[in-house]
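Okay, so the sequence shown: first residue is 203 according to my numbering, each after it adds one.
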Amino acid sequence: MSNRQFTRMRVVAGATLLFAVLIGSVQAGHRIFRQNAVGGISIDPEGVVREPSVESRKMLLSELRKGMEKVAPDLTAPVPLRKISLKRLHAAIEESLRTGIGRLPDEIRYLAGLQRIQYIFVYPEENDIVLCGPGEGWRIDDNANVVGVTTGRPVLLLDDLLIALRNADNARNGGISCSIDPTEQGYKRLNALLAKQKQVRSQRNLPALEKAMKEAFGPQQVSIQGVPANSHFARVLVAADYRMKRLAMNLDKSPISSLPSYVQMLKSSRDTSSNPRWWLACNYEPMVRSEDGLAWELKGPGVKAMTEDDLVTVDGKVKGTGKTSPTAQKWADLMTDQYDRLSGEDVVFAELRNIMDMSIVAAAIAHHDLLGVSGLSAPMLFATKSDLTVETWNSPKTIAPQCSFVKSRKGWIVTASGGVSIESWQVASKSIVDNRMSNHREAAQGGKHWWWN
Numbered sequence: 203m204s205n206r207q208f209t210r211m212r213v214v215a216g217a218t219l220l221f222a223v224l225i226g227s228v229q230a231g232h233r234i235f236r237q238n239a240v241g242g243i244s245i246d247p248e249g250v251v252r253e254p255s256v257e258s259r260k261m262l263l264s265e266l267r268k269g270m271e272k273v274a275p276d277l278t279a280p281v282p283l284r285k286i287s288l289k290r291l292h293a294a295i296e297e298s299l300r301t302g303i304g305r306l307p308d309e310i311r312y313l314a315g316l317q318r319i320q321y322i323f324v325y326p327e328e329n330d331i332v333l334c335g336p337g338e339g340w341r342i343d344d345n346a347n348v349v350g351v352t353t354g355r356p357v358l359l360l361d362d363l364l365i366a367l368r369n370a371d372n373a374r375n376g377g378i379s380c381s382i383d384p385t386e387q388g389y390k391r392l393n394a395l396l397a398k399q400k401q402v403r404s405q406r407n408l409p410a411l412e413k414a415m416k417e418a419f420g421p422q423q424v425s426i427q428g429v430p431a432n433s434h435f436a437r438v439l440v441a442a443d444y445r446m447k448r449l450a451m452n453l454d455k456s457p458i459s460s461l462p463s464y465v466q467m468l469k470s471s472r473d474t475s476s477n478p479r480w481w482l483a484c485n486y487e488p489m490v491r492s493e494d495g496l497a498w499e500l501k502g503p504g505v506k507a508m509t510e511d512d513l514v515t516v517d518g519k520v521k522g523t524g525k526t527s528p529t530a531q532k533w534a535d536l537m538t539d540q541y542d543r544l545s546g547e548d549v550v551f552a553e554l555r556n557i558m559d560m561s562i563v564a565a566a567i568a569h570h571d572l573l574g575v576s577g578l579s580a581p582m583l584f585a586t587k588s589d590l591t592v593e594t595w596n597s598p599k600t601i602a603p604q605c606s607f608v609k610s611r612k613g614w615i616v617t618a619s620g621g622v623s624i625e626s627w628q629v630a631s632k633s634i635v636d637n638r639m640s641n642h643r644e645a646a647q648g649g650k651h652w653w654w655n
C-alpha cells in the first residue's frame, strides 16, 4: 500500500490548510453501552463515530470489573519471560469449548498476562511453537483496558492474536492499515469556501469559519485493510490513529511534557507553508535467529511516526510531494523518540505496539513455514473458519471532521494528522544469525501447562 492511501492533510485553494479528520476506536460487546464507551469514542451500528456518554462508560467499567475472574497467584507476579505453548493453548481452548459455559476463561482470553512477544521458539520434537515475553497479572483500568497489575501496560488479547494469525496472507498481499479519506466533493466545497474567505478582508469570525468548514468538508470515509473492520484489532488501529491526531492538533493535552503538539511547535517556527500528514508504522530491526531457524527474536522499539507533505488540486485530487516540512519531521521524530514513554501513559499506543508484535509473529510463522517445520496442528488458531470465533464490534465508517486553528502570517492554518500502516512481512523477511539464540530456546523448554514462567 502506498503512503498516499493513509489519512492526509491538504493544502486547499492556495492557502495553508491542515485539516483535521478524527477517528476513534471501534467499540466492542453485545450491549449498547459497551459499543458506546470503550476507548473514549462511541461508534453506533451505522458506523458513525461520536463521543461516548459518561454513564455508558461507568456502566461498562462496572460490568467488566464484576465479570473479571480472580487471577491465579502464580500468574500475578511480573516475570521477564512468560512462555505460551501454541499446541497446549489450542488443547486448552478445545477443552474449554467442550466443557465450558459459553466463554473462555480469562487466563486464556488474556493469554496468561503476556504483555509483549519477544521470542518465537520452534520445537519440532514436540510439534510445538512457543511464544515468550514479559508478563504479569491483570486488572481493568479506569478506561476499560485490560492492563498489568504493576506496570499498567496492556496485556495481549487472544482475539488480537487470532486476527493476526488468521490474516497473515492478507498482510502479505497488501499490509494492514487504517485510513480516513475525505471525498473529492468535500474538497471541492472546502476549496470554494476558502477561496471566498481569502477575498474577505474584514476580521474573520473563527467559530463561524470552523462551523462552515466542517459543513463544507462533510463526513470522512473510514477504511480498514488487511483485517476485519469489526475486530478489536481494527479498533486498536483506529484508536491509536485518533489519539495521535488529538495530540498533534493540541485538542488533548499530551500526557508527557516532552511531547508538545505539532500546533505548539508550529507557532514558534517560520514553517507555515507545508501540508504534512503523519502515520504510525513498524519500527523494528532485522529479526535475530538461530542458524537452524528454530529460535527467533523481535528487536527494536516497535513503532515510529512517519510524515510526508501532500498537495490537493482545485478539483479535490491529492498529489504526494515526496517532501517533508522541517517542523512536521521534527514532530514525527519526537513522537518516535518519546513513543515508549507515551505508551506508559496512554494505553492505546502500547496496544498498537502489541498488535504489531503479533502481526510480525504471524508473518514470520507464515514466511518461514514454521508450522511445517514444527509439525504443529492448531486449526482453531490459524484457520479463517473455526469454531473459535472472535468478538465483533461496530465497524467505523464515517466521522465528522474536527479542527484546530493557528493564526499565521499567511492566514489561518487548520491542522490534522493520521494513519497506521503495519508492513509485517517486510520486517519478518529480514534477519541476522546469532548462535546464542539456540541457548535461549533450550532454556525456555519445560512446563506442563499451556503457559509457564
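Using N, Cα and C, we set each Cβ at its ideal position, and we do this for glycine too.
Legend entry - Beta-carbon proximity of I331 to I322, cut-off 8 Å: yes
Legend entry - Beta-carbon proximity check, W480 vs A450, cutoff 8 Å: yes
Legend entry - Where G431 falls: helix, strand or coil (DSSP): In the sequence as presented, Gly is not what sits at residue 431; that position holds Ala. If DSSP states are grouped into helix, strand and coil, A431 belongs with coil.
Inset, instruction - Would you mind sorting A366 into buried or exposed? The rule is 16 or more other CB atoms within 10 Å of its CB. - result: buried
Legend entry - Nearest candidate by alpha-carbon position, reference R459, set G649, M537, V324 and F435: This sequence places Ser at residue 459; Arg is not what is there. Of G649, M537, V324 and F435, the residue nearest in Cα terms is M537.
Inset, instruction - Go ahead and pull the three-state DSSP assignment for L500. - result: coil
Legend entry - Stretch pair the segment 566-585 + the segment 626-638: three plus CB contacts closer than 8 Å: Enough Cβ pairs lie closer than 8 Å, so yes.
Legend entry - Among H570, P462 and G337, nearest to L496 - alpha-carbon criterion: H570
Inset, instruction - Below 6 Å CB to CB, which residues in the same chain sit around P280 once its five sequence neighbours on both sides are set aside? - result: E338 and T352
Inset, instruction - Return the chain-ordered list of same chain residues with a C-beta closer than 6 Å to the C-beta of R543, the five sequence neighbours on each side being excluded. - result: I458
Legend entry - Touching by the beta-carbon criterion (3+ pairs, under 8 Å), the segment 369-385 and the segment 278-298: no
Inset, instruction - Use the C-beta contact count for S425: other C-beta atoms within 10 angstroms, 16 or more gives buried, fewer gives exposed. - result: exposed
Inset, instruction - Entirely within the segment 358-391 and at least 3 residues each: give me those beta strand (DSSP E) ranges in chain order. - result: 378-383
Inset, instruction - Tell me whether G277 sits in a helix, a strand or coil according to DSSP, three-state version. - result: For the record, residue 277 in the displayed sequence is Leu; it is not Gly. Correct three-state label for L277: helix.
Inset, instruction - Could you tell me which residues DSSP puts in a beta bridge with A483? - result: K506
Legend entry - Beta bridge counterpart(s) of F551 as assigned by DSSP: F551 is not bridged to any residue.
Inset, instruction - Provide the residue span of the alpha helix (DSSP H) that contains W652, from first to last. - result: No residue range can be given for W652, since it is assigned to no alpha helix (DSSP H) and is classified by DSSP as neither H nor E.
Inset, instruction - Assign V324 to buried or exposed, taking buried as 16 or more other Cβ atoms, counted over all protein chains shown, within 10 Å of its Cβ. - result: buried
Inset, instruction - Keeping to the same chain, check which residues put their C-beta closer than 8 Å to that of L288; ignore five residues upstream and five downstream. - result: The beta carbon of L288 sits closer than 8 Å to the beta carbons of D330, I331, V332, L333, L578, A580 and L583 from its chain, once the five residues preceding and following it are set aside; these are given in chain order.
Inset, instruction - Can you have a look at G350 and say buried or exposed, based on whether 16 or more other CB atoms are within 10 angstroms of its CB? - result: buried
Legend entry - Spatial distance of L411 from L396 (CA atoms): 9 Å
Inset, instruction - Check R267 in the structure and name its three-state DSSP category. - result: helix
Inset, instruction - Can you tell me which of the three DSSP states V563 falls into? - result: helix
Legend entry - Which listed residue (S527, R638 and F419) has its alpha carbon closest to that of R491: Among S527, R638 and F419, the Cα nearest to that of R491 is on R638.
Legend entry - Residues sharing a beta bridge with K285, DSSP: Here K285 is bridged, per DSSP, to C334 and W654.
Inset, instruction - Using only alpha-carbon positions, find the residue among G574, N407, A274 and I342 that is nearest to S264. - result: I342
Inset, instruction - Return the first residue and the last residue of the beta strand (DSSP E) that V351 is part of. - result: Under the DSSP assignment, V351 falls outside any beta strand (DSSP E); it carries neither an H nor an E label.
Inset, instruction - Counting only the same chain and skipping the five closest in sequence on each side, list residues whose C-beta sits under 6 Å from that of D344. - result: none
Legend entry - Closest residue to V550 among K587, P356 and I303 (Cα-Cα distance): P356
Inset, instruction - Just mark G648 as buried or exposed, buried being the case when its beta carbon has 16 or more other beta carbons within 10 Å. - result: exposed
Inset, instruction - Could you pull the start and end residues of the beta strand (DSSP E) that V592 belongs to? - result: No beta strand (DSSP E) contains V592, which DSSP labels as neither H nor E.
Inset, instruction - Could you tell me how far apart the beta carbons of I245 and N596 are, in whole angstroms, since I believe they sit closer than 8 Å? - result: 4 Å
Inset, instruction - For the beta strand (DSSP E) containing I342, list its first residue and its last residue. - result: W340 to I342
Inset, instruction - Quick one: grab the DSSP three-state call for M489. - result: strand
Inset, instruction - Have a look at the DSSP bridge pairing and note the partners of F148. - result: Residue 148 falls outside the range modelled here, since the chain spans only 203 to 655, and no answer is possible.
Legend entry - CB-CB length for L500 against D539, believed under 8 Å: So it is not a contact: roughly 20 Å between Cβ atoms.
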